[in-house]
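Here's the structure we're looking at; comments come further down.
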Amino acid sequence: MKTIKDEKRGRKPGYGISRKTLFSAAASAFAKLDPRVEIRNPVMFVVWVASVLCTVVAAAQWIGGSPPDSFVSQVIAWLWFTLVFANFAEGIAEAQGKARADSLRSMRNAITAHLLAADGRIKEVRSSELRRGDLVACEAGDLIPGDGEVVEGVASVDESAITGESAPVIREAGGDRSGVTGGTRVISDRIVIRITADPGEGFVDKMILMVENATRQKTPGEIALTILLASLTMIFLIAVVTLYPFSQYIANESKTPNVLTILKLVTLLVCLIPTTIGGLLSAIGISGVSRLMRKNVMALSGRAIEAAGDIDVLLLDKTGTITHGNRMATELVAIAGVAREELATAALAASLADQTPEGKSIVALVRSSGAAVAGLEDGGSFVPFSASTRMSGIDFPGADGRADPNRAIRKGAMAAVREVVEGRGGKVPAEAMAASERIARTGGTPLTVSVGNRVLGIIHLKDVVKQGIRERFVGLHAMGIRTVMITGDNRLTAAAIAAESGVSDFIAEARPECKLEAIRKEQAAGHLVGMIGDGTNDAPALAQADVGVAMASGTQTAREAGNMIDFDNDPAKVIDVVEVGKQLLITRGSLTTFSIANDVAKYFAILPAVFSGFYAAGGKSPLAALNIMGLATSESAILSAVVFNALIIIALIPLALRGVKLNPKAGASRILRRNLLVYGLGGLIVPFVGIKLIDMLLRALGLA
Amino acid sequence: MKPQDFFEIAIVAAVSLAAAPFLAAYMARVYAGERHPLGFLAPAERAFYRVIGIDAGQEMGWKRYALSLLSFSLVSIGLLFAILVGQAYLPLNPQKFSGMSWQLALNTAVSFVTNTNWQAYSGEASLSYFSQSVGLAVQNFLSAAAGMSVAVAVIRALGARAKDRADEEGGDQSRHTPPFGNFWVDMTRSVLYILLPLSVIVALILVSQGVVQSVSSYVPALSLEGRADLIPLGPAASQVAIKHLGTNGGGFFGPNSAFPFENPTPLSNLVELISQILIPFAFPLLFGRMVGRRREGRVIFSVMFILLAILVWSSVASEISWGSLEGKELRFGKSDSALFAVLTTITSCGAVNSMHDSFSPLGGMIPMIDIMLGEVVFGGVGSGMYGMLALVLITVFIAGLMVGRSPEYLGKKIEAREVQLAMLAIIAPNFIILGFSALAIALPIGLAGLANRGPHGLSEILYAYSSGAGNNGSAFAGLSVNTSFYNLTIGADMLIGRFGVMVPMLAVAGSLAAKRLVASGAGSFKTDTGSFGVLLFSVVVIIAGLTHFPALTLGPILDHFLMTMGVAL
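So the sequence lines, in the order shown, correspond to chains A and B. Under the working numbering, the first residue of the first sequence is numbered 65, with each subsequent residue one higher. Under the working numbering, the first residue of the second sequence is numbered 58, with each subsequent residue one higher.
Structural data, given as structure tokens:
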């Protein structure tokens with residue numbers, strides 16, 4: 065089992081299967097032969113009944129004194145293999161999903177929690193003893209013992225165990241970033257967490273449950289498809305059952321023996337019923353869950369993944385999804401009398417040690433603008449941003465070794481910097497005030513830069529459209545999905561960002577409740593809406609949306625309202641979710657088509673094999689003309705068909721787990737044409753070739 | 058094939074293709090209750106509703122619609138049964154025919170009410186004029202109208218957008234067109250404005266060609282061999298017209314359209330051919346109009362037409378290559394007989410102008426395939442349409458997944474219930490064709506009726522049950538079917554083949570009518586394109602092929618290879 069970290073390092077996402085997974089899948093393949101398990105899948109249950117029937121008949125004949133010949137034993141073995149292979153497919157998909165969930169579970173088992181008792185004392189308990197509503201304290205270095213919500217304090221948390229992302233994130237009480245997940249580590253400060261799930265009900269537990277349920281509880285799409293497959297099975301059942309009296313009549317009429325034994329009839333039936341899709345259906349469903357997990361998204365129901373494929377309107381928050389939530393420096397505005405170089409130098413000096421995205425963006429801007437940076441001094445001490453000062457900067461030591469107020473550089477909100485400047489006897493020029501206001505009016509953030517008591521100029525921070533988002537929108541639009549950006553910005557700013565990002569539509573000056581209204585309006589017009597959100601006021605919209613992805617960092621209310629949870633807290637993730645949903649449906653449809661198309665070749669293999677004896681005289685047989693594959697003997701033909709039928713399941717397991725390739729830019733009709741060609745036409749041709757090759761191989765090996 | 062073989066085919070195709078769009082437009086107006094050229098008959102329509110006590114504005118749900126249909130059909134079967142059994146005591150019986158046996162009467166009553174017109178009797182030898190015209194001819198109209206009504210109700214439900222529009226406007230739903238309509242209204246309009254006027258026209262043409270229309274008793278005559286013969290007469294033209302227009306197919310006389318009094322001239326032959334495909338041709342186009350997306354209708358029409366062209370070609374070609382003139386009218390010859398055989402079997406008409414039993418094995422297999430396709434290559438009036446819609450839904454379901462969305466058709470999601478019911482409608486006829494055939498071939502009582510043995514015998518039995526389940530009614534001949542066994546099993550066959558498709562399709566429609574519309578966009582699966590046509594074509598062929606290929610292999614296919622190998626049976 066590959067870890068998330070492997071993927072982060074750019075390796076191909078692992079469908080490579082570990083030995084352990086393989087063993088547990090193989091074991092479950094046999095365990096699942098239990099009829100109580102098989103009956104959940106009508107197609108495979110028919111195979112089960114057929115295999116048992118043939119085995120019992122052969123055994124009875126053996127007891128009666130005629131041991132089964134090589135042909136009979138081989139056919140019976142392959143009937144059982146068909147079942148085992150289908151179970152194996154399901155087992156592998158389950159094992160993959162469970163391995164991921166298990167590794168998550170193991171890391172948070174037996175964490176010691178500091179339970180805050182009612183009297184304020186701290187008691188050490190095991191994480192498994194925590195109940196919903198308990199308060200626990202976590203200090204730097206502690207593992208968070210369970211899913212919960214920060215109710216007090218602010219801390220940085222390392223969530224790499226869940227997300228694979230090494231940069232710590234801030235979790236604080238009261239805001240929209242109060243959610244914490246069990247198994248993550250607090251790396252600074254102290255927080256008090258209210259546990260929100262009883263043991264066995266946390267996200268990871270739900271994840272494990274989802275994998276297990278995927279095999280038991282069918283989604284609406286799976287139910288409908290199962291009905292179709294069961295109906296097709298009925299058709300073949302009647303076609304095959306009635307074939308016996310028909311052939312018996314012809315045998316009597318032609319005075320030739322009827323070679324159509326029960327075994328051959330049953331084999332014909334098993335080859336015809338859609339075992340390929342029937343055997344892989346649940347593996348496809350489980351792999352959908354696992355694929356989402358690999359993208360660090362947990363679906364709370366299989367139904368949600370299906371619905372994701374149907375989404376045709378995506379509601380996206382501007383901030384964080386379309387633009388970097390963090391504002392980036394785009395421009396330096398020096399006021400009259402200040403050299404650009406001086407402003408650039410000061411801005412750079414104040415930001416070099418600043419690890420915030422804004423700080424980094426200022427460094428990047430100065431460096432890329434090629435401004436000559438003069439006389440950058442060494443030995444400054446960085447003053448980090450704090451909520452109380454609302455600015456950051458750098459101090460340089462004066463002659464006495466203490467910070468020299470005249471050389472101190474500050475950057476921050478105009479009001480904060482103004483206080484500092486005026487406190488040191490300086491004055492903010494009217495020009496600087498005007499520039500600051502102008503930037504603020506266009507939706508940007510002005511950052512005033514000062515040295516000592518002098519204002520040097522303004523740094524223009526603004527929202528920058530994420531790289532690559534435009535291409536993703538093109539893909540989404542090709543798939544027929546309309547993207548709607550929601551922002552609190554004014555229309556002008558919103559329109560500018562909409563145009564830059566290529567989003568189809570936007571709602572500007574949106575109040576929080578606008579999301580819910582927008583979703584209802586789209587749904588009334590027959591659209592299925594997906595959205596992603598984190599805040600408490602997103603909760604109604606998340607619940608109303610057909611697919612609501614809540615961020616794991618979001619508030620508890622938001623997480624409970626959504627039907628998927630994203631552990632990366634990446635708003636653009638909803639796009640991946642849609643792709644996984646579509647892929648799931650396409651894989652089902654394609655394998656169904658493939659399975660049905662396969663039957664044509666199987667008829668041409670088996671029917672001539674069982675009927676060529678009729679009216680055969682003098683070496684000439686009327687129905688031999690149908691043996692267009694030129695299969696060697698009647699027995700090798702039947703055996704080849706049943707071997708092909710079993711092996712194709714194994715051959716298609718990787719496809720079922722990985723999903724049919726989806727080119728999001730192609731558009732519905734091109735996707736359809738491609739899949740029809742590959743799985744429809746391919747499904748017609750492949751078995752002709754496959755059965756012929758197996759026939760040749762069986763002959764070469766002397767097995768038939 | 059020689060050019061002259063195409064001549065008649067070309068005329069039939071050209072006239073039908075030209076007329077179908079106009080008929081579809083007219084029918085759309087009739088069923089929507091809009092103004093149309095025969096509007097002057099409206100007082101008669103309203104008077105009729107008053108007499109039978111129907112509120113024409115009352116909307117029915119699918120259950121009431123189905124219940125009305127079933128009870129109406131049951132009453133019809135009862136009435137017809139009584140007429141046939143009691144014809145000796147009824148008027149217009151110049152030949153003093155006695156009543157039918159109860160098995161035969163039941164079989165015949167079911168046969169005519171289900172629009173099958175399977176005939177285990179010979180009209181001129183057993184039925185009074187009263188039985189023919191008041192019993193059978195009336196059912197010719199009513200059973201055709203029932204098929205058309207069900208199709209129209211299903212189409213209405215599929216196209217129903219009234220509910221959503223009402224939701225949007227926040228208005229009163231009852232002001233909008235009801236999605237299902239009213240069974241009695243649809244029946245009345247089908248008969249009054251569509252079937253009756255067309256029948257009058259066709260009957261007049263047929264009379265002009267010499268089809269008899271008389272209530273006199275049979276005329277004694279001395280034949281050329283010097284034998285004393287009776288020349289049968291009767292009110293034939295009026296019944297023959299609806300026999301074709303309503304895709305009923307039950308001949309007035311035993312030999313059906315091979316008999317000169319029923320089909321005397323090349324023109325009458327042409328008129329009969331055209332009139333049996335006219336309404337079926339119009340239905341897919343009517344569908345397109347009624348759901349407000351004409352391209353959808355045209356795609357379905359094209360799929361049906363291409364299948365038809367392939368079948369006509371195969372039939373004509375195999376008859377010309379391997380067929381004999383035995384069992385064919387010399388007046389019509391091979392290619393016309395083959396054309397007639399295909400048109401009568403694809404439309405569930407079942408009238409014949411030659412004996413299909415005498416066709417070459419493959420030539421005889423084509424009519425059988427026509428029926429086994431599910432009577433959806435145009436099919437019977439109305440029944441072809443709703444039968445095809447079941448296959449359309451399944452096609453949409455399988456292929457729709459392949460574009461990565463839950464399948465939807467005309468903006469309505471196809472879910473478990475729709476799949477279940479549509480598959481039921483598809484399976485029901487196939488199930489009984491194979492089931493009953495297997496029963497017949499396994500029982501001595503079934504084999505006793507066979508005129509031929511070997512593979513050809515199997516073909517005869519397969520054909521009989523296909524014909525019944527497909528509500529076609531044509532006979533392969535060669536099978537003596539007036540036995541209790543065949544009368545009863547084929548009777549059940551016809552009932553299941555009719556109502557086992559109608560009721561599930563009404564239920565599907567009921568379920569779809571209630572669904573919200575899903576907005577369609579670039580990501581939706583398009584059903585008005587050539588790709589969809591190819592898909593639908595494949596699904597129709599594959600479902601029929603997978604179901605019947607094994608049985609056909611032992612029947613006509615084996616028969617063919619034995620013939621080419623020169624094996625005498």
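Think of the CB as a built atom: it goes at the ideal place given N, C-alpha and C, for glycine as much as any other residue.
task: Helix, strand or coil for residue 546(A), going by three-state DSSP, please let me know.
output: strand
task: Using three-state DSSP, classify residue 269(B) as helix, strand or coil.
output: coil
message: With the cut-off set at 8 Å, would you say residue 521(A) and residue 397(A) are in Cβ contact?
response: yes
query: Of all the options 701(A), 407(A), 655(A), which has the alpha carbon lying nearest to the alpha carbon of residue 721(A)?
result: 655(A)
message: I'd like the span of the alpha helix (DSSP H) that includes residue 298(A), first residue to last.
response: 284–318
task: Would you please verify whether the beta carbon of residue 298(A) is less than 8 Å from any beta carbon of chain B?
output: yes
field: Under 9 Å from the C-beta of residue 303(A): neighbouring residues of chain B
entry: 487, 491, 603, 604, 605, 606, 607, 608
- prompt: Would you call the region 505–524 of chain B and the region 149–156 of chain B touching, i.e. three or more CB-CB distances under 8 Å?
  reply: no
- prompt: Below 8 Å, can you find three or more Cβ-Cβ pairs linking the region 306–316 of chain A to the region 597–611 of chain B?
  reply: yes
message: Please return the same chain residues whose Cβ sits closer than 7 Å to the Cβ of residue 428(B), not counting the five positions on each side in sequence.
response: 402, 523, 524, 527, 529
query: Can you name, in chain order, every residue of its own chain whose Cβ lies under 8 Å from the Cβ of residue 221(A), other than the five neighbours on each side?
result: 208, 232, 233, 234, 235, 244, 248, 249, 250, 251
message: Does residue 392(A) come out as helix, strand or coil in the three-state DSSP assignment?
response: strand
task: Using only alpha-carbon positions, find the residue among 452(A), 327(A), 642(A), 650(A) that is nearest to residue 699(A).
output: 327(A)
- prompt: With distances taken between CB atoms, is the gap from residue 640(A) to residue 359(A) smaller than 8 Å?
  reply: yes
query: Quick one, which of 126(B), 532(B), 78(B) has its alpha-carbon nearest residue 179(B)'s?
result: 532(B)
message: Counting only Cβ pairs nearer than 8 Å, list the residues of chain B close to residue 543(A).
response: 461, 579, 580
- prompt: Are residue 567(B) and residue 537(B) touching if we call contact CB-CB under 8 Å?
  reply: no
field: Segment contact, 8 Å Cβ cut-off, at least three pairs: the region 724–738 of chain A with the region 525–544 of chain A
entry: yes
query: Straight-line CA distance for residue 675(A) to residue 584(B)?
result: 40 Å
- request: Taking only the alpha-carbon atoms, compute the straight-line gap between residue 463(A) and residue 472(A) and give it to the nearest angstrom.
  value: 14 Å
task: Would you give the residue range spanned by the alpha helix (DSSP H) that residue 331(B) belongs to?
output: 323–347
Separation of residue 361(A) from residue 68(A), as counted between CA atoms: A caution first: residue 68(A) carries a pLDDT of 39, below 50, which makes its placement in the model unreliable, though a value can still be read off. Roughly 12 Å separates the two Cα atoms.
message: Taking the alpha-carbon of residue 177(B) as reference, which of 59(B), 398(B), 190(B), 163(B) has the nearest alpha-carbon?
response: 163(B)
query: Between which two residues does the beta strand (DSSP E) harbouring residue 219(A) extend?
result: 218–222
query: Helix or strand or just coil, what does DSSP make of residue 376(B)?
result: helix
task: Give the DSSP-derived three-state secondary structure of residue 380(A) in the structure shown.
output: strand
message: Assuming contact is defined by CB atoms lying nearer than 8 Å, are residue 335(A) and residue 692(A) in contact in what I supplied?
response: no
query: Taking DSSP as the reference, what is the three-state secondary structure of residue 285(B)?
result: strand
- request: Give, in chain order, every unbroken run of the alpha helix (DSSP H) that is at least 4 residues long and sits entirely within the region 83–132 of chain A.
  value: 83–95, 99–102, 106–127
query: Smallest Cα separation from residue 205(B): which of 399(B), 309(B), 435(B), 457(B)?
result: 435(B)
query: Which residues in the same chain as residue 470(A) place their Cβ atom closer than 7 Å to its Cβ, once the five residues preceding and following it in sequence are excluded?
result: 516
- prompt: So the alpha helix (DSSP H) residue 406(B) belongs to, where does it begin and stop?
  reply: Neither: residue 406(B) is in no alpha helix (DSSP H) and is coded neither H nor E.
- prompt: In terms of residue numbering, what span does the alpha helix (DSSP H) encompassing residue 473(B) cover?
  reply: 473–499
field: Cα-Cα separation, residue 467(A) to residue 563(A)
entry: 47 Å
- prompt: Can you find a CB in chain A that lies within less than 8 Å of the CB of residue 160(B)?
  reply: no
- request: Have a look at residue 754(A) and residue 458(B) and give me their C-alpha separation to the nearest angstrom.
  value: 26 Å
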